Amino acid sequence: MSGCAAARPTRAFRTAPTGQAIERVTTVVIGAGHAGLAASQFLSGRSIDHVVLERGEVANSWRRERWDSLRLLTPNWQCRVPGLRYEGPDPDGYLTMTETAEFIERFAKVSGAPVRTSTKVTSLRHAGDEYHVTTSDGPVRCRSVVIATGACNRPVLPPFAAAVPASVEQLTPFDYRSPDQLGDGGVLVVGASATGVQLAAELQLSGRPVTLSVGEHVRLPRTYRGRDVLWWMDAAGIWDQRHDEVEDLTRARRLPSPQLVGTPQRTTLDINALTATGVEVIGRWAAVRDGRALFSGGLRNVFSLADLKMERLLDTFDEWALTRGRDAEVGAPERFPPTRVPESARLQLDLRSGEIRTIVWATGFRPDYSWLDVPVVDAKGQLRHDGGAVDSPGIYALGLPVLRRRKSTFIYGIEDDAREVIDHLTGYLGASR
Ligand SMILES: Cc1cc2nc3c(=O)[nH]c(=O)nc-3n(C[C@H](O)[C@H](O)[C@H](O)COP(=O)(O)OP(=O)(O)OC[C@H]3O[C@@H](n4cnc5c(N)ncnc54)[C@H](O)[C@@H]3O)c2cc1C
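Note that the numbering used here numbers the sequence shown so that position 186 is 868, with each residue one more than the last.
If you want it as structure tokens, here you go:
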């Protein structure tokens, strides 16, 4: 495949019937997060002329869509992209948002990516056997497109959020910056994945009584046998598992993020840690009726399932260490107490009583393809693709959950995916010339 499209730069302009000049490039990359920049790096390596269109600035999501205290949950030694890696003094620490944005910015500079900032793609459609990209800065024609607009463009809220009484303020992780923004009084955090547990901990610490609504979740200790749990996942090859080896790919792609936080103390932030600080846990939020929030009663089952899955994962780590002769390098096997089930979890909350002043929805994120005028989005709003080759020849995607591997959405997971996706794209260009 390689070299098929060692394309001469084909950037050119022609005039549309409207009189507006249409720029032509071989490939348009949409989005200048780490995924779009990695695509650009491999396109440059294959001499494929391209532009990276970014509606904001480089690393926009890290700058605009995250809360103040957030640190990466992946350790610094995992902070690597093609041609650049963290080389600071604290490989086991976790970057702040400012540091993360600076890292991605450095990647853009080092790779020399042809990024056009403040250029929003408002439409992508077929134009014969090419694609027509409409942007806030004029149209572009191209033969291929890499969609690297991120998997987390919009917060997901359940439909019953609309039935919450107006007296209760509602926030999403996109609106939330710090506890100072909230009035006094109780906070209901909905969702106990990475975002929910982190926000619940921070709000409880701010002196507001926090209730956490918990559904299915992935429990993990921050460290295991003296090493970061993500070291174990990496070493045991779990993140490298390929999309075509995963038993239930649809489920794997929907798996919630693990209960992890990146703190200098490397603290574990599971339900036991939260309840120890006074957070009240209740079941999954099911409905709103007459101003009352109704919660499921199945906490015991939800907790045992999360505990069981964690135990199984730790067994896998132990077995890996034993069979690979690595046992002596790490500490002794550990087991953690089961998640404590509250004696009688509340099944409803009266949202008009004043007990809850703010609801923080930590119920997940989804991509936004409202600008995409090629029919490649399924009924659930997800791109139809096979390992990043989208269901329309010449369109590719990067940075989506388990796109080609379990590590696809992580910063350090992009290199292998981007290389293979751009290989495929190169082959496509060669074959379709
Ligand atoms: C809260 C949170 C914490 C995370 N923590 C970690 C972590 O600790 N470690 C880790 O490895 N990963 C983490 N991730 C996952 C992942 O690394 C990030 O989501 C990362 O930002 C994804 O990179 P990306 O390049 O795919 O998308 P993004 O960084 O979102 O980049 C997409 C870019 O596309 C632009 N864009 C979108 N639409 C358009 C358009 N129509 N026209 C032009 N430009 C457009 C956006 O402005 C944005 O700059 C986290 C994700 C979230 C949400």
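All C-beta atoms, glycine included, are put in the ideal place defined by N, C-alpha and C.
Because the structure is a prediction, the values reported are computed rather than measured.
Enclosing alpha helix (DSSP H) for residue i [first to last residue]
i, result
"Asp989", "Leu981 to Thr1005"
"Ile1104", "Ile1096 to Ser1114"
"Trp744", "Asn742 to Arg746"
"Gln1030", "Here Gln1030 belongs to no alpha helix (DSSP H); instead the beta strand (DSSP E) covers Gln1030 to Asp1032."
Range of the contiguous beta strand (DSSP E) that encloses residue i
i, result
"Tyr813", "Glu812 to Thr817"
"Ala703", "Ala703 to Arg706"
"Phe724", "Run containing Phe724: none in the beta strand (DSSP E); it sits in the alpha helix (DSSP H), His716 to Gly727."
"Val911", "First-last for Val911: Val911 to Ala917, but that is the alpha helix (DSSP H), not the beta strand (DSSP E)."
"Tyr1078", "Ile1077 to Ala1079"
"Glu851", "Glu851 to Leu853"
"Arg904", "Here Arg904 belongs to no beta strand (DSSP E), and DSSP marks it neither H nor E."
"Leu735", "His732 to Leu735"
"Trp749", "Segment: none, Trp749 is in no beta strand (DSSP E) and carries neither H nor E."
"Arg974", "Arg974 to Phe977"
Beta-bridge pairing of residue i - partner residues as DSSP gives them
i, result
"Arg1008", "Arg1008 pairs with nothing; no bridge assigned."
"Arg1048", "Arg836"
"Leu864", "DSSP output for Leu864 lists no bridge partner at all."
"Ser895", "Val872 and Ile964"
"Thr756", "Beta-bridge pairing links Thr756 to no other residue."
"Val1023", "For Val1023, which the question treats as bridged, DSSP gives no partner whatsoever."
"Asp1068", "Ala1071"
"Ile1041", "Gln852 and Leu870"
"Thr709", "His732 and Ser826"
"Leu1054", "Leu806"
"Gly766", "For the sequence presented, residue 766 should be read as Leu rather than Gly. Beta-bridge pairing links Leu766 to Val763."
"Arg1087", "Arg924"
"Val1059", "Leu1065"
CB-CB length for residue i against residue j, believed under 8 Å
i, j, result
"Ile704", "Pro821", "5 Å"
"Ile730", "Leu1031", "55 Å between Cβ atoms; not a contact."
"Ile1038", "Cys761", "That belief does not hold up - the Cβ atoms of Ile1038 and Cys761 are roughly 38 Å apart, past 8 Å."
"Val710", "Val733", "6 Å"
"Thr708", "Leu839", "Between Leu839 and Thr708 the Cβ distance is about 40 Å, and since that is not below 8 Å, they are no contact."
"Val1058", "Ser1074", "5 Å"
"Ser826", "Gly1076", "4 Å"
"Leu912", "Thr756", "6 Å"
"Val797", "Leu766", "So it is not a contact: roughly 15 Å between Cβ atoms."
"Pro1021", "Ala988", "The question names Pro, yet the displayed sequence has Thr at residue 1021. Contact holds; Cβ gap of about 7 Å."
"Ile1104", "Leu735", "Not really, about 17 Å apart at Cβ, beyond 8 Å."
"Val963", "Leu894", "5 Å"
"Phe999", "Trp914", "5 Å"
"Arg1086", "Glu1102", "6 Å"
"Arg1028", "Phe985", "Going by Cβ atoms, the distance from Arg1028 to Phe985 rounds to 16 Å, so no, they are not a contact pair."
"Asp1009", "Ala1003", "5 Å"
"Arg974", "Leu1033", "7 Å"
"Gln1116", "Ala876", "Coverage of the chain is limited to positions 683 through 1115, which leaves residue 1116 absent and any answer about it impossible."
"Ser743", "Ala795", "That pair is no contact at about 16 Å."
Subject >> contact_flag[the region 737-753, the region 775-785] where n(CB pairs < 8 Å) is 3 or more >> reply: Three or more beta-carbon pairs separated by less than 8 Å link the region 737-753 to the region 775-785, which places the two stretches in contact.
Original post:
If you pair each beta-carbon of the region 915-934 with each one of the region 850-870, do three or more pairs fall below 8 Å?
Top reply: No: fewer than three Cβ pairs fall under 8 Å.
Original post:
Any contact of the region 1069-1083 with the region 747-761, i.e. 3+ C-beta pairs under 8 Å?
Top reply: Contact between the region 1069-1083 and the region 747-761 is absent, because fewer than three Cβ pairs lie under 8 Å.
Original post:
Where are the alpha helix (DSSP H) runs, 4 residues long or more, that stay fully inside the region 774-830, in chain order?
Top reply: 779-793
Original post:
Do the region 959-968 and the region 914-926 touch if we need at least three Cβ pairs shorter than 8 Å?
Top reply: no
**OP:** Run through the region 920-971 for me and flag every whole beta strand (DSSP E) of 3 or more residues, listed as ranges in chain order.
**Re:** Listed in chain order, the beta strand (DSSP E) elements of length 3 or more contained wholly in the region 920-971 are 962-964 and 967-971.
Subject >> Any 3 or more C-beta pairs closer than 8 Å across the region 1050-1065 and the region 802-813 >> reply: yes
**OP:** Determine, using beta-carbon pairs with one atom in the region 954-964 and one in the region 876-887, whether at least three such pairs fall under 8 Å.
**Re:** yes
**OP:** Give a yes or no on contact between the region 717-735 and the region 821-841, applying the rule of three or more CB pairs nearer than 8 Å.
**Re:** yes
Original post:
Three or more beta-carbon pairs under 8 Å between the region 864-878 and the region 1039-1047, yes or no?
Top reply: Contact holds: three or more Cβ-Cβ distances are below 8 Å.
**OP:** Flag this pair as touching only if the region 1011-1021 and the region 760-780 have three or more C-beta atom pairs under 8 Å; answer yes or no.
**Re:** No, because fewer than three Cβ pairs between the region 1011-1021 and the region 760-780 fall closer than 8 Å, the two stretches do not touch.
Original post:
Between the region 898-917 and the region 845-861, are three or more C-beta pairs nearer than 8 Å?
Top reply: no
**OP:** Indicate whether the contact test is met: 3 or more Cβ pairs, each with one atom in the region 893-904 and one in the region 939-952, closer than 8 Å.
**Re:** The region 893-904, when compared against the region 939-952, does touch it at the 8 Å Cβ threshold.
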